[in-house]
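In the numbering used here, each residue's number is its place in the sequence shown (first place is 1) plus 552.
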Amino acid sequence: MIKLNLKPFCNSEIGTLREVILCSPNKIDVSGSEVSAVGFKNNFDSLAAIEEHFTLKSKIMNFGCTVHDISTESNNDLWNRLVNRIFVRDVAGVFGDKLILGRSDSEIRRPDFMYSQDFFSDLFDSKDVCHLPEEVSLEFGDFMILNENCVIINVGHRSNVNQYILAKFLFDLGLEEVAFISLPKTIESLHLDVVCNILGKNQFLAAPFLKFIPVSIYKNNAVNQLPEVQFTTIDNFVHRHGYSIYWLPNKEYLIDYTNFINLDKTTALVSQEILEFYRETFKNMNFIGVNINNLQNGAGGIRCLTLPVLREPV
Numbered sequence: 553m554i555k556l557n558l559k560p561f562c563n564s565e566i567g568t569l570r571e572v573i574l575c576s577p578n579k580i581d582v583s584g585s586e587v588s589a590v591g592f593k594n595n596f597d598s599l600a601a602i603e604e605h606f607t608l609k610s611k612i613m614n615f616g617c618t619v620h621d622i623s624t625e626s627n628n629d630l631w632n633r634l635v636n637r638i639f640v641r642d643v644a645g646v647f648g649d650k651l652i653l654g655r656s657d658s659e660i661r662r663p664d665f666m667y668s669q670d671f672f673s674d675l676f677d678s679k680d681v682c683h684l685p686e687e688v689s690l691e692f693g694d695f696m697i698l699n700e701n702c703v704i705i706n707v708g709h710r711s712n713v714n715q716y717i718l719a720k721f722l723f724d725l726g727l728e729e730v731a732f733i734s735l736p737k738t739i740e741s742l743h744l745d746v747v748c749n750i751l752g753k754n755q756f757l758a759a760p761f762l763k764f765i766p767v768s769i770y771k772n773n774a775v776n777q778l779p780e781v782q783f784t785t786i787d788n789f790v791h792r793h794g795y796s797i798y799w800l801p802n803k804e805y806l807i808d809y810t811n812f813i814n815l816d817k818t819t820a821l822v823s824q825e826i827l828e829f830y831r832e833t834f835k836n837m838n839f840i841g842v843n844i845n846n847l848q849n850g851a852g853g854i855r856c857l858t859l860p861v862l863r864e865p866v
């Protein structure tokens, strides 16, 4: 790969998307007992998934966004058998002008993290990349930006986080507030973005059970001062940051509803399955639908399949 020296920047979930990383599926079906072994939700048809992924990529490119697909960067036997490699969102995250490399607490994901992050060394200059503290495991499906000063992080299934150490690390990157939530350790709440998401400028979509889950908050009060933890509800937390909360239908599995991606402040790429729900419910937004039914059998959706590396500032 020719070194591209991409310049990462994201300070929101809604700035106009300019560059994104994807990874196409490999040609391996997953079925029967293999499904739970690799952490999938249902049987996975690789040919159907490849077709859906191509359509997803095309719709993002048609919006004017540059797509970098890392799937062909190696012909290694293991890389070609890592079916979770498509979920690039978990592997890293961009905050401000830094690409933060993730670290998985799941043995099944560690190899695809290693390969993908090796490929990133040809995409980014090392000065624009930083590493998590050694005590922290974080998959970035558990990381969501509320604004340039605040993020919320899940410390549940796949992310093993020392809250204080991670908060201090993020304060050094310019954050003023870091919130943590601990979701049930089930496949229906595998990551934060399976149960909630930010839509447009001021909507926070959330699974109904989140009203019972406390949020712990650390604020960057002063240099060398230990941050005190505060507790609140998810709705009070997001209201304080200017969001209206929308409680989603009371269903066990909400990935169709939550796992979308904002292309800009007024446009979102969503699952075709519930396109009409979005259009009828949020009339001030524009929605582009894409069929990802088979890809979602891997227990991830549009947000999981995309790693934004450059958004316009908000």
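Glycine included, every Cβ here is placed at the ideal spot set by N, Cα and C.
Requested in this report: Find out if the Cβ-Cβ distance for the pair Val646, Thr858 is shorter than 7 Å.
Outcome: no
Query raised in the report: Between the segment 710–723 and the segment 756–765, are three or more C-beta pairs nearer than 8 Å?
Result: no
Query raised in the report: Where does Ala589 land, buried or exposed, given buried means 16+ other C-beta within 10 angstroms?
Result: exposed
Query - Beta-carbon proximity check, Gly654 vs Val643, cutoff 7 Å - result: yes
**Report entry** DSSP state of Ser598 mapped onto helix, strand, coil
**Finding:** helix
Requested in this report: Select from Ser689, Met696, Ser711 and Ser673 the residue whose C-alpha is nearest the C-alpha of Ala731.
Outcome: Met696
**Report entry** Length-filtered (3 minimum) beta strand (DSSP E) runs lying within the segment 681–707
**Finding:** 681–683, 695–699 and 702–706
**Report entry** Residue range of the unbroken beta strand (DSSP E) whose run includes Gln868
**Finding:** The requested residue 868 does not occur in the structure, where the chain is confined to residues 553 to 866.
Query - Cβ-Cβ distance between Leu574 and Leu675 below 7 Å - result: no
Query raised in the report: Can you give the Cα-Cα distance for Arg637 and Leu630, rounded to whole angstroms?
Result: 11 Å
Query raised in the report: Can you name the start and end residues of the alpha helix (DSSP H) that Arg662 belongs to?
Result: Arg662 to Phe672
Query raised in the report: Going by the CB atoms, is the gap between Asp680 and Leu718 shorter than 7 Å?
Result: no
**Report entry** Through-space distance from Leu569 to Leu878, alpha-carbon basis
**Finding:** A query on residue 878 cannot be resolved here, the shown segment of the chain reaching from 553 to 866 and no further.
Report task. Taking only the alpha-carbon atoms, compute the straight-line gap between Ser678 and Lys803 and give it to the nearest angstrom. Result -> 43 Å
Query raised in the report: Is Pro577 buried or exposed, if buried means 16 or more other CB atoms sit within 10 Å of its CB?
Result: buried
Query raised in the report: If you compare alpha carbons, which of Lys559, Asn614 and Ser583 is closest to Val842?
Result: Asn614
Report task. Would you check if there are 3 or more beta carbon pairs closer than 8 Å linking the segment 581–588 to the segment 653–667? Result -> no
Query raised in the report: For Asp694 versus Asn706, is the C-beta distance shorter than 7 Å?
Result: yes
**Report entry** Short Cβ contact (7 Å threshold) for Lys817 with Ile566
**Finding:** yes
Query - Minimum C-alpha distance to Asn632 - residue among Ser610, Glu604, Glu603 and Pro663 - result: Pro663
**Report entry** Coarse secondary structure for Ala851, derived from DSSP in three states
**Finding:** coil
Query raised in the report: Could you give the distance in angstroms between the alpha-carbon of Asn872 and the alpha-carbon of Glu687?
Result: As shown, the chain starts at 553 and ends at 866. That puts residue 872 outside it, with no answer to give.
Query raised in the report: Going by DSSP, which residues form a beta bridge with Ala644?
Result: Leu653
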